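**Student:**
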Ligand code: BG6
Ligand code: MG
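Residue numbers (our numbering): 47 to 262.
1. Please report the straight-line C-alpha distance between residue 219 and residue 72, rounded to a whole angstrom.
2. Just list the residues that DSSP pairs residue 178 with in beta bridges.
3. Tell me, please, which residues DSSP counts as bridged to residue 158.
4. What is the residue span of the beta strand (DSSP E) that residue 231 lies within?
5. Would you check if there are 3 or more beta carbon pairs closer than 8 angstroms linking the segment 112 to 122 to the segment 218 to 232?
6. Going by DSSP, what residues sit across from residue 247 in a beta bridge?
7. From the DSSP output, in three-state form, read off residue 61 for me.
8. Under 6 angstroms Cβ to Cβ from residue 214, same chain only, skipping five residues before and after it: list those, please.
9. By Cβ distance below 6 angstroms, which residues in the same chain neighbour residue 236 in space, the five residues on each side in sequence not counted?
10. What span of residues does the beta strand (DSSP E) with residue 216 cover, start to end?
11. Just how far apart, CA to CA, sit residue 182 and residue 162?
12. With DSSP as the reference, label residue 169 as helix, strand or coil.
13. Under 8 angstroms, with one C-beta from each stretch per pair, do the segment 76 to 86 and the segment 185 to 192 reach the 3-pair mark?
14. Once the 5 residues before and after residue 109 are set aside, which same chain residues still bring their CB inside 7 angstroms of it?
15. With three or more C-beta pairs closer than 8 angstroms as the rule, is the segment 131 to 138 touching the segment 154 to 174?
16. Going by other Cβ atoms of all chains shown within 10 Å of its Cβ, with 16 needed for buried, is residue 241 buried or exposed?
17. Quick test of your reading: residue 157 and residue 170, contact by CB under 8 angstroms. State the CB separation rounded to the nearest angstrom.
18. Specify which residues have a beta carbon nearer than 6 angstroms to any heavy atom of ligand 2, listing them in chain order.
19. Is it right to say residue 195 is buried, meaning 16 or more other beta carbons lie within 10 angstroms of its own, or is it exposed?
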């Protein structure tokens with residue numbers, strides 16, 4: 047039976063909570079550079095690519111460095127991050143995610159990943175969810191990171207579905223912006239005052255229902 051529509055999930059913050067792992071990994075770098083980097087600063091990096099995150103951190107600290115040193119620091123941050131996410135297991139899947147995936151399957155609705163992360167497949171393998179998604183598009187496949195819609199448009203194209211038949215599930219304002227720019231319906235996961243541009247906002251994946259998907 048051909049797929050009727052699709053749900054494209056962001057990974058970090060929707061399927062697994064990687065925010066603390068990103069924070070401690072960036073902290074290794076900011077401590078070395080004597081930059082005061084807070085959890086609030088880290089929140090602003092949600093959905094933002096690795097390189098852009100580094101640039102924003104340097105901006106916060108008012109620090110400018112040669113390109114080669116920046117590249118070394120980014121590698122160091124990622125090595126630390128990978129050492130943490132490699133230890134993830136099924137236990138790290140956020141509450142509500144497995145029920146949502148089962149609901150989609152029962153109703154012949156495709157499930158995809160649209161993530162800015164270059165570590166997406168590593169995380170999906172660690173938590174045992176790779177096979178649950180019909181399509182996976184991540185930071186390795188795109189030129190422009192969120193808030194550009196490229197990652198979601200690529201996922202829709204690979205699914206062979208029109209953008210208006212896709213619903214994006216996002217926890218970052220950059221991701222919500224990307225979904226809306228791509229002409230997609232969007233469910234925000236988190237707080238209304240941060241994700242106000244989404245069509246609907248729910249506190250967590252536990253509140254996910256099929257009624258929240260696009261009616262197109
Ligand atoms: C996004 C995260 O999903 O991926 C960002 O929300 C992160 O915080 C970005 O910077 C890139 O991730 P990675 O794994 O490629 O460093
Ligand atoms: Mg996210």
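Built from N, CA and C at the ideal position, the CB exists for glycine as well. Just so it is clear, the structure is predicted and the values come from calculations on it, not from any experiment.
**Tutor:** Looking at the coordinates:
1. As a first step, residue 219 is located in the chain shown; it is residue number 173 there, counting from the start. As a first step, residue 72 is located in the chain shown; it is residue number 26 there, counting from the start. Just so you know, the alpha carbons of residue 219 and residue 72 end up roughly 20 angstroms apart.
2. Taking the first residue of the chain shown as position 1, residue 178 is located at position 132. BP columns for residue 178 are empty, so no partner.
3. Numbered from its first residue, the chain shown carries residue 158 at position 112. For residue 158, which the question treats as bridged, DSSP gives the partners 54 and 181.
4. Against the chain shown, residue 231 aligns to sequence position 185. Counting along the chain, the unbroken beta strand (DSSP E) around residue 231 starts and ends at 231 to 235.
5. Counting Cβ pairs under 8 angstroms, fewer than three are found: no touch.
6. As a working mapping, residue 247 is identified with position 201 in the chain shown. Residue pairing by DSSP puts residue 247 in a beta bridge opposite 234.
7. Taking the first residue of the chain shown as 1, we reach residue 61 at position 15. If DSSP states are grouped into helix, strand and coil, residue 61 belongs with coil.
8. Stepping through the chain shown from its first residue, residue 214 is reached at position 168. A distance below 6 angstroms between beta-carbons, with the five flanking residues on each side excluded, links residue 214 to the following residues of its chain, in chain order: 54, 198, 225, 230 and 232.
9. Taking the first residue of the chain shown as 1, we reach residue 236 at position 190. Result list for residue 236: 217, in chain order.
10. Stepping through the chain shown from its first residue, residue 216 is reached at position 170. It spans 212 to 216 - the beta strand (DSSP E) in which residue 216 sits, taken as one unbroken run.
11. Residue numbering aside, residue 182 sits at position 136 when the chain shown is read from its first letter. Residue numbering aside, residue 162 sits at position 116 when the chain shown is read from its first letter. Residue 182 and residue 162: Cα-Cα distance of roughly 11 angstroms.
12. Against the chain shown, residue 169 aligns to sequence position 123. Of the three classes helix, strand and coil, the one that applies to residue 169 here is helix, per DSSP.
13. These segments do not touch.
14. For this step, residue 109 is matched to residue 63 along the chain shown. Excluding positions up to five away in sequence, the list reads 79 and 81.
15. Short answer: they touch.
16. What you label residue 241 is simply residue 195 of the chain shown in a count that begins at 1. Here residue 241 is buried, its C-beta having at least 16 other C-beta atoms within 10 Å.
17. Here residue 157 corresponds to residue number 111 of the chain shown, with the count starting at 1. Here residue 170 corresponds to residue number 124 of the chain shown, with the count starting at 1. Your pair residue 157 and residue 170 does not check out as a contact, with CB atoms roughly 12 angstroms apart and the cut at 8 angstroms.
18. Selection output, chain order preserved: 56, 58, 59, 60, 92, 93, 217, 218 and 221.
19. On the chain shown, residue 195 is found 149 positions in, with the first residue counted as 1. With 16 or more other Cβ atoms inside 10 Å of its own Cβ, residue 195 counts as buried.
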